[in-house]
Amino acid sequence: MKILFLTLKLPHSEVVGGNRIVFQRIRYLAQQGHQVGLVSYLSGETEKQIEGLKEFVFDLHTIQQPNRNLLFRIFHDYLWAHSRPALIWKLYSKAMMDEVANAVELQHYDLVIAEFSEMGQFLYKNPSLSAVHTVISCHRCMTASYEKYQEMEEVRWRLYCKSLPQLRGLRKYEFDMYRSADRILVLTPQDRFTMQYYAPDLAVSVAPTGVDIEELQKHPPVPKEPIILMTGYMQDPANEDGVKWFVHHVWPALRDHHPEVKFYIVGADPSPRIKRLVAGDRRIIVTGKVKDLRPYRNRARVLVSPVRLGSGMRTKVLEAMAAGLPVVSTSLGMAGIEAQTGMNCFVADTPALFERSVDWLLTDRSLSARMAHAARKLIEEKYGLEIGLHQFENILKSVVEG
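The opening position of the sequence shown corresponds to residue 2 in my numbering, with each subsequent residue numbered one higher.
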């Protein structure tokens with residue numbers, strides 16, 4: 002097959018989170034003999050990262066991500082009714098619309114897949130796009146995410162206010178866009194249920210992610226330290242909210258009970274709000290972006306995933322479990338993972354239970370070792386990288402073959 006990917010960020014070997022899933026998909030399809038093209042926004046990537054993609058991509062197009070004036074964005078988002086909702090419009094580019102259409106026409110692709118819903122707009126009502134099979138890979142349902150922001154009492158007022166204009170026309174546009182595609186992909190069965198709650202007529206398939214177990218276990222072991230670890234892209238509202246919830250409601254008791262413990266927040270672009278929140282507490286370390294997460298996982302005793310917003314399968318949780326790092330997570334943070342609390346993880350949705358679960362793992366080394374072993378076994382059996390990628394490939398074949 003000839004497959005064209007559309008991405009909002011250049012997928013390369015050093016990215017994390019959802020963009021890493023995209024990179025793994027591109028690499029796998031190329032290794033299986035498919036011809037893979039890519040049209041992507043650029044946002045500060047290096048020439049080396051761009052060149053590294055050419056091993057897997059035969060047709061590469063890049064465009065600078067739109068950088069609109071702040072006052073114009075405020076005017077658009079809050080005052081001006083537009084054909085595209087604010088969340089979609091912020092990534093709109095006429096140049097991207099034309100680039101996608103030109104690539105399809107020149108290379109005669111069998112299928113185009115928009116990774117992340119925002120990129121689906123370049124397939125939906127694109128007047129220049131030739132007849133081609135289309136897939137939208139929905140890493141999160143935007144409507145569900147913003148409706149969730151309005152329901153939560155503790156979500157900061159700025160985000161709550163922001164969600165009101167974002168929702169204006171979002172649901173209709175988003176699901177009309179999904180209906181225009183041949184197939185919608187999601188990461189978990191829970192995500193499929195959410196999508197079909199809003200639109201029962203959608204053709205939705207689950208294409209789960211997995212992890213490269215061998216790669217995760219390459220790093221040499223190091224002595225464990227009393228470290229609680231949280232990872233992720235820290236400007237993501239779900240991660241920022243999780244840090245705030247953990248620091249306010251869980252960390253104080255753990256800090257008192259374990260005088261030696263430290264809390265590491267590891268991930269790119271920590272917001273000023275996160276920095277202000279932890280200022281003055283020397284036992285909370287905010288690293289910013291790091292080149293390799295493996296040394297941090299190897300040193301830590303517990304990974305926490307206090308996720309209360311968003312959707313999808315958390316790759317960081319799978320990677321921690323594969324690396325033998327015990328996990329304490331909210332139920333949302335374990336979505337799509339067939340884990341059992343008390344056996345291969347702890348699931349806790351209240352501050353008291355979350356604190357107690359982390360405390361057990363810091364205190365009881367035998368329990369921690371048993372849980373780490375069970376978690377690694379679960380990932381090896383069900384969430385190896387090849388398993389999810391093979392399923393992803395079969396879904397794309399079924400779309401092309403009708």
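By construction, the Cβ of each residue, glycine as well, lies at the ideal position given by its N, Cα and C atoms.
Determine the closest residue to residue i out of the options, with distance taken between C-alpha atoms.
i: arginine 184; options: Arg283, Thr135, Met196; result: Thr135
i: alanine 102; options: Phe117, Ala115, Ser118, Pro128; result: Pro128
i: glycine 19; options: Phe194, Gly233, Asn68, Ile214; result: Gly233
i: cysteine 139; options: Thr189, Pro271, Tyr93, Glu261; result: Thr189
i: valine 267; options: Trp252, Ile4, Lys290; result: Lys290
i: arginine 26; options: Asp202, Ile285, Ala208, Lys173; result: Ala208
i: histidine 109; options: Lys3, His258, Met372; result: Lys3
i: serine 206; options: Asn395, Val329, Thr47; result: Asn395
i: isoleucine 338; options: Gly389, Met196, Leu310, Ala301; result: Gly389
i: phenylalanine 117; options: Ser131, Glu100, Met231, Leu92; result: Leu92
i: valine 58; options: Tyr265, Arg69, Glu48, His35; result: His35
i: glutamate 44; options: Thr8, Ala31, Gln33, Ile22; result: With the sequence shown as reference, residue 44 is identified as serine, and glutamate is not the correct amino acid for it. Nearest option by C-alpha distance: Thr8.
i: tyrosine 29; options: Val400, Leu11, Gly243, Thr210; result: Thr210
i: threonine 331; options: Val308, Tyr147, Lys292, Ala370; result: Val308
Here's the rule I'm using: 16 or more other beta-carbon atoms within 10 Å means buried, otherwise exposed. How should residue i be labelled?
i: glutamine 122; result: buried
i: lysine 149; result: buried
i: arginine 377; result: buried
i: methionine 125; result: Per the sequence shown, the amino acid found at residue 125 is tyrosine instead of methionine. Classification of tyrosine 125: buried, given that the 10 Å Cβ count is 16 or more.
i: aspartate 365; result: exposed
i: histidine 249; result: exposed
i: proline 403; result: Going by the sequence as given, residue 403 is glycine instead of proline. Exposed is the call here.
i: valine 318; result: buried
i: methionine 120; result: buried
i: valine 223; result: exposed
Would you identify the three-state DSSP class for residue i, choosing helix, strand or coil?
i: serine 138; result: strand
i: leucine 54; result: helix
i: histidine 109; result: coil
i: phenylalanine 176; result: helix
i: tyrosine 42; result: strand
i: glycine 385; result: strand
i: aspartate 60; result: strand
i: alanine 204; result: coil
i: glutamate 48; result: helix
i: phenylalanine 117; result: coil
i: glutamine 36; result: strand
i: leucine 88; result: helix
i: glutamate 3; result: Rather than glutamate, the amino acid found at residue 3 in this sequence is lysine. Three-state result, lysine 3: strand.
i: arginine 184; result: strand
i: glutamine 197; result: helix
Given residue i, which residues of its chain have a CB within under 6 Å of its CB, disregarding the five upstream and five downstream residues?
i: methionine 97; result: Ile64, Phe123
i: alanine 254; result: Glu356
i: tyrosine 174; result: Pro86
Spatial neighbours of residue i within its chain, please: C-beta separation below 8 Å, excluding the five flanking residues on both sides.
i: glutamate 320; result: Val212, Leu217, Leu294, Arg298
i: valine 262; result: Pro227, Ile228, Ile229, Leu255, Arg256, Arg284, Leu363
i: methionine 196; result: Cys139, Cys142, Tyr179, Ile185, Val187, Leu203, Val205
Give me, in chain order, the residues of the same chain whose beta-carbon lies closer than 7 Å to that of residue i; leave out the 5 immediate sequence neighbours on both sides.
i: lysine 276; result: Val287
i: isoleucine 214; result: Ala323, Ile380, Glu381, Gly385
i: alanine 269; result: Tyr234, Met235, Gly289, Lys290
i: glutamine 341; result: none
i: leucine 333; result: Val308, Arg309
Are the C-beta of residue i and some C-beta of chain C separated by less than 9 Å?
i: alanine 340; result: The structure shown contains no chain C; it is built from a single protein chain.
Can you determine whether any heavy atom of the ligand ADP sits closer than 8 Å to the C-beta of residue i, and answer yes or no?
i: glycine 170; result: With respect to small molecules bound, the structure shown includes none, and the ligand ADP cannot be examined in it.
Discussion item. Which runs of the beta strand (DSSP E) at least 3 residues long sit entirely within the region 210-272? Give them in chain order.
Written reply: 228-232, 263-267
Item to complete: Would you list, in sequence order, the uninterrupted beta strand (DSSP E) runs of no fewer than 3 residues that lie entirely inside the region 270-329?
Response: 285-289, 303-306
Worksheet item: Can you list, in chain order, the stretches of the alpha helix (DSSP H) that have 4 or more residues and sit fully within the region 332-374?
Response: Unbroken alpha helix (DSSP H) runs of no fewer than 4 residues, entirely contained in the region 332-374, are found at 352-364, following chain order.
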